Each structure stands twice: as structure tokens, then as C-alpha cells.
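Number of protein chains: 2
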Amino acid sequence: MNLRDLRYLLAVVEHGHFGRAAESCSISQPTLSVQIRKLEEELNVTLFERTSKTVAPTAACERLIGHVRTAVAEADAILAVSRDLCDPLAGRLRLGIIPTLAPYLLPLVFAPLRAALPSLEVEPWEDQTEALLKRLHAHELDAALLATDVIGPEFESRPLFDEPFLAALPADHLLARREAVAEADLARDILVLADGHCLRDQTLAACGRGEALTGNLRATSLSTLLNMVAAGYGTTLIPALAAGAAQDAGIVLRPLVAKVGRTVRLVWRARFPRRAALDAVGDVIAMRLRGFAEGAAAGTI
Amino acid sequence: MNLRDLRYLLAVVEHGHFGRAAESCSISQPTLSVQIRKLEEELNVTLFERTSKTVAPTAACERLIGHVRTAVAEADAILAVSRDLCDPLAGRLRLGIIPTLAPYLLPLVFAPLRAALPSLEVEPWEDQTEALLKRLHAHELDAALLATDVIGPEFESRPLFDEPFLAALPADHLLARREAVAEADLARDILVLADGHCLRDQTLAACGRGEALTGNLRATSLSTLLNMVAAGYGTTLIPALAAGAAQDAGIVLRPLVAKVGRTVRLVWRARFPRRAALDAVGDVIAMRLRGFAEGAAAGTI
DNA sequence: CAGCATCGATAGGCAATGCCTATCGCGTCC
DNA sequence: GGACGCGATAGGCATTGCCTATCGATGCTG
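Structure representation (C-alpha cells):
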């Protein structure tokens, strides 16, 4: 049984006339007659009582016609929905973002994204790198904004912008008197985030240390870490987009001598079909952050 | 778009594996791959993200799959319903019956019909010949029990049984003394039914008259006519099946010399597809009334 | 009543397509 | 690194949906 045949059946019911029904289906009358007869044979049911004057649906046809209408309507719905769906710049895009980036980047890019891609619903999901990649793998996310390189053939990525790190110091810290801070000088009393944050590893690597001093205090968020620095527990590196929040907390920021930083990347499964949406989102974010690295690295926020 | 393709789509969604999905559809894996790809091209939507390890439905596919399931379910319903419907001895049969026959025949044949054709729902419709034929023509009835010949190529018919007429006389009527009554003798004070009843015309024809004496009293039913006869307003002819009702009314019945009567026929549209049901119904009625004419004509009820 | 018009059914031929087997390309696992 | 598993691709074959031409039946009309 074919959807086409069901449409033919509906046309005959509607017109009560094979010739006009065929015309409405854009086929010839003999073709229609043959197809209806084949349908009758397949269902083993006479669908119409034909004379040269009238074509009347049988009781069996009446019983079936409701199901036929529903089936055809659903087929039409499939076509209609897929017409909407075929625009890759429309629909939901589930975007994972690491916690040290989300609260500082999203306020900057949400408005431009809405403006540039009004029918794309960007749905953010905040979690650490590992969890995001797992969700990406499981098709629970469509893409993610990460600050680490991603290896392996499963994923592809695109760098969007460079985000320098800045030295974050208590206001009364000795290093706060300098114009710029050497990364190694921070190593003595460096504080870092809890396990799983990529920023933790990057901070330690930049300062040439393998382990941190956070001690009993677990900084589970960058916000907490900033509070700890402001309270004089130690120093840290923060990504430049968090500069505003750091200064609000009363922290002194200084550019780094070696100008280390991280690269924020858009990551997706290599086979993800809506590349166009990803490209557009990446373009908007990259455009919004254009020139950001130079200004931030110089300490001019 | 084809229902088959939709079934293939469901199979891939269900199995998450082209090979096993193909097997479940009894086709080869390449065929399935090609058909899914063609469906994707037709809908202009990527339905699956394929790797050599996984086959994951896209968000678009998730949006469509509900409609696909409904469409396929309706198609299955069409097949299931038509499987029930293809038994011509099942389902509703709308049967027209003339008023001078229905109240007397139906009690006799309902039980045998139910016994012989348990899944056939015979739905009687009582009206005069002309109205029944009109409804038959309009497909509002499937068949009719008439007592007249039907002409024209539109209808076919089959005689089921002969029903003799009997002379119905008031108990004190002169003719009641005779063993048998000559039709012409009734003509003097004959009463007949209202216009439209075939029995009216047949009664008048049998008695050799063109018009009746019913006068102001309109006998719109055979029951009323019997009451009029019992009350002494005149005589009439009744069909043999009504004999019981006539005797209950206190009417004297006598066989007719010329043994006139009517033939009850099953009538249907020549193109009506469920001939098997008609044949079966006709057989049951004819069987039930077998030998009825002889006994009735002799006056032995 | 003969001729015509209308309508669905049938016949024959052609092109599209669904299906098959064989094979490829890619990725994974021992 | 070679074997295996999976989906994609290629080429050939049979089916089938479609067309035009025509038939047969029915009803109307001059």
C-alpha cells in the first residue's frame, strides 16, 4: 500500500468521478482506475460501486476513509514539518559551555546571537569540559564552547577567540605594585579551582607548578575563587572575560609578562549535520570578541 | 514519499543499526541505506548522524518521528480494518422492506438470519416500494424486499417466495359461508390501502376494479385495513403472511378461487459488491418460507 | 431509434525505481 | 597491522506506475 494510492482514493471519494479525480491528482484517468483497482485487490475490499453515471463509495470505503484521511494528513504534516526543519539556522541548538566562561561570555553574545539568528534557539548548558564532551558524544548537546584542544576523529573544532589570563591579586599584595607580573612569581601562593576545571590545569601549568595551595578551601567556582583572592588567601590567574567581576570584588588585576592565555573553541561532532548553524554561531561570537585579546592582554579592560 | 520509506525510517530509529533494521524489513542493507538517503533528500532534512559505530536520530528526526508513527499506524489500521471488512458476510446490511410485509415476515426470519449469518447485522428499513427504490438508488439501502417486478438495468432481483392473497371478510359477511371466494365477487365492497402501497394496486387488479370504495377512511396500514374489515366496512385481500393478524382481529379468511398472490423478491443494485451477503440472506428467507405458498393458498394456516 | 457523448475499464509500451549482489572506505579491536 | 564490522556506493535486473489508444456500457437527443 502506498500513500499515493491513498491520495488517489481520497480524490475519488471527493470528486465521485474518476476523470476529475485523476485530473486533480495530475494523472490520467486509466492510471487512476488501475491504481484504485490494485488497491481494492490488495485490501480485498470493493471500495466503489461504479456505473457510467455514478461512483459511490461502499460501506467498507466509508469505514476506511477516516484512517486514510489521517494517514494522508500525517504524511502532509511530515512534509510541512520538514520544510520548517530544513532551515539549519532554525530550531534549537544545545550549546555546552564551561563554567569559567559561561557567566562572562553569555551576557556579551546573547543579544548579538538573537539579532543575527532570530529563529535559532541557543540553549546553554553549563558543565565542565569532560562532562560536556560526554554529552556531546551522547548527542545530548549539539556543540560546546571549550578552552582546551580536542583530539580524536569524533570531534571537530574551530577557535573563536583568544582569552588572555590576568594575574588576580589581593589589593595589598606585593606584586600589585608592579605594572606586569611574571607567571612564575605567582607560583608561591597560587590558588586554583577544584578538579575538573580546565582553568585549574592551565593556571598550574602557566605558573610552572604541579600542585596548588588551595588547601582545605575548595574553590568550586570562579566566583568563589575570586572571593578567596579578595580575602587575601592567595593569588590566581583569571580569564580576561572575568576581569569585570574580579574588579567588582576588589581584586587588583595585572597583565602577565608571558601573556599566557587560553583559546576558546567551538567543538562539535564531526558528523553533526547542522554545520551552517555552528558556522553562524561561531561567526557571531568571534565577531563580538574581535580585538578583545589585545586590549585585555594590555590590561585595558 | 512512501509508506514503505516511513517503515524503514521507523526500523532504523528502533534498531539504531542499518543492518539489523534492514533485516527486520526483509531487505538488504544497501537498499535500506539508499531509501533512507532518498527520504532525507526528499525532506531536505538529515535524519541520522551516522558513524561506523552509531546511528543516532537527529533532532529533526525526533520532531518527525511522531507523525511517522501515526501515519504508519493508520496504514496498519487500514489493512486491519479491511481484513475484517473483506468478509462479505460480515457487517451491516441495510434492508428495505415494504410495510405490508415487514411486520409479518421479520418475526419469521430474524432468528434464522442471526443463526445462519451471525456477523451480518441486518438493519431493516420499512417504507413503500417507491421510497425504497429511491433509497436503494441513493446507496442508502443495500437491498430491499419488494412484492413487485423491478425493471431497468440498474437493479437486479431474485424471487424468494410466493405469497398468496386471501379474502378477508367480516365474520357476518355473506361470502364467509363459502369455502373459497372468487376475486370478482369481492369487487363490490372492496377496501384497499392508501396510495403508494403495492398491495393496493394488486388488490384492485385482482378484483378487476380501477378504483376502490375506501371513501373517507384512509387505510394507511394493513393493520388499520384489517380493523376496518373486522368492523364491517367491507372486504379486502390480504397477503397470506398477515393471516394470523387478521384472524386475531376476528376476520374470516377464505382462499381465492384464482389463487392470485404476489411474489416477494429481493432487489439490489446490479453493481452492489456484496452479492455473497445477498445470496445468503435470500437463501435463508427462501428456506424459511419453503412450502409456505401451498399451505397458505389452501387456507390451512 | 439510430447516432453521439460520456464514463470507466482494458491493452500495450516506456521510463522510473526499488531491489539485489559485489565492493569500497572508514574505523575499531585484538 | 590485519581482520572485522558498519554504512556507502556501483551496476544490473525486475517491477511497476504512467502514458496513449481503444473498448464497452449507458444515457441522451434529433
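So the sequences go chain by chain: A and B. FYI, the numbering used here numbers position 79 of the first sequence as 79, with every residue one higher than the one before it. To convert, take the position in the second sequence, counting from 1, and add 1000; that gives the numbering used here. By construction, the Cβ of each residue, glycine as well, lies at the ideal position given by its N, Cα and C atoms. For clarity, every value in this text was computed on a predicted model and none was experimentally measured.
- The C-beta of A/HIS197 has 16 or more other C-beta atoms within 10 Å across all chains shown, which makes the residue buried.
- Counting of Cβ neighbours within 10 angstroms places B/ILE1151 among the exposed residues, the total staying below 16.
- For the region 1038-1060 of chain B, residues whose beta-carbon sits nearer than 8 Å to a beta-carbon of chain A comprise LEU1043, ASN1044, VAL1045, THR1046, GLU1049, ARG1050, THR1051, ALA1056, THR1058, ALA1059 and ALA1060.
- Judged by DSSP in its simplified three-state form, B/ARG1271 adopts coil rather than helix or strand.
- DSSP places A/ARG37 in the helix class (H, G or I) of the three-state scheme.
- If you check the CB distance, A/VAL284 and A/LEU146 do not come in under 9 Å.
- Counting along the chain, the unbroken alpha helix (DSSP H) around A/PRO107 starts and ends at 102-116.
- With distances taken between CA atoms, B/LEU1043 lies nearest to B/LEU1064 out of B/LEU1064, B/LYS1053 and B/ARG1004.
- Below the 7 Å Cβ cutoff, chain A contributes MET1, ASN2 and LEU3 as neighbours of B/LEU1003, in chain order.
- Following the DSSP letters along the chain, one finds A/THR54 in no alpha helix (DSSP H), marked with neither H nor E.
- Under the DSSP definition of a beta bridge, B/ALA1240 lacks any partner.
- Around the beta carbon of A/ARG7, 16 or more other beta carbons sit within 10 angstroms, so the residue counts as buried.
- The three-state secondary structure of A/SER24, taken from DSSP, is helix.
- A straight line joining the alpha-carbon of A/CYS207 with that of A/ALA258 spans about 10 Å.
- If you draw a 10 Å sphere on the C-beta of B/GLU1163, you find 16 or more other C-beta atoms in it, and that means buried.
- Chain-ordered listing is empty here: chain B has no CB closer than 9 Å to the CB of A/PHE18, the nearest sitting near 14 Å.
- In the DSSP assignment, the residues bridged to A/LEU266 are A/LEU145 and A/ARG158.
- Residue-level contact by beta carbon fails for B/CYS1207 and chain A, as no gap is shorter than 9 Å.
- Bounds of the beta strand (DSSP E) holding B/GLY1091 are 1091-1097.
- A contact between stretches requires three or more CB pairs, one per stretch, nearer than 8 Å, and the region 91-107 of chain A fails this requirement with the region 1116-1125 of chain B.
- B/GLY1091 belongs to the set of residues whose beta carbon lies under 9 Å from a beta carbon in chain A.
- In the structure shown, A/ARG254 adopts extended strand secondary structure according to DSSP, grouped into three states.
- Under the DSSP assignment, B/LEU1120 falls in the beta strand (DSSP E) whose first and last residues are 1120-1126.
- Proximity of chain B to A/ALA77 at the Cβ level (cut-off 7 Å) is accounted for by HIS1067, in chain order.
- Under the three-pair Cβ rule at 8 Å, the region 188-196 of chain A does not count as touching the region 265-284 of chain A.
- Counting only residues of its own chain and dropping the five nearest sequence neighbours on each side, A/ALA286 has a CB closer than 8 Å to the CB of LEU160 and PHE161.
- In the three-state scheme derived from DSSP, where H, G and I count as helix and E and B as strand, A/PRO164 is classed as strand.
- Checking the DSSP bridge columns, you'll see A/VAL181 partnered with A/LEU256.
- It is roughly 47 Å from the alpha-carbon of A/LEU108 to the alpha-carbon of A/THR70.
- B/ARG1274 is positioned such that its CB atom lies no closer than 9 Å to that of B/LEU1095.
- A/LEU222 and A/ALA176 have their alpha carbons spaced roughly 20 Å apart.
- Nearest to A/LEU89 by alpha-carbon distance, out of A/ALA115, A/LEU105 and A/ALA77, is A/ALA115.
- Relative to the Cα of A/ARG262, the nearest Cα in the group A/ARG254, A/LEU237, A/ALA249 and A/TRP268 belongs to A/LEU237.
- Taking 8 Å as the cut-off between beta carbons, none of the residues of the region 156-184 of chain A comes near chain B.
- Interface with chain B (9 Å Cβ-Cβ cutoff): A/ARG269 is included.
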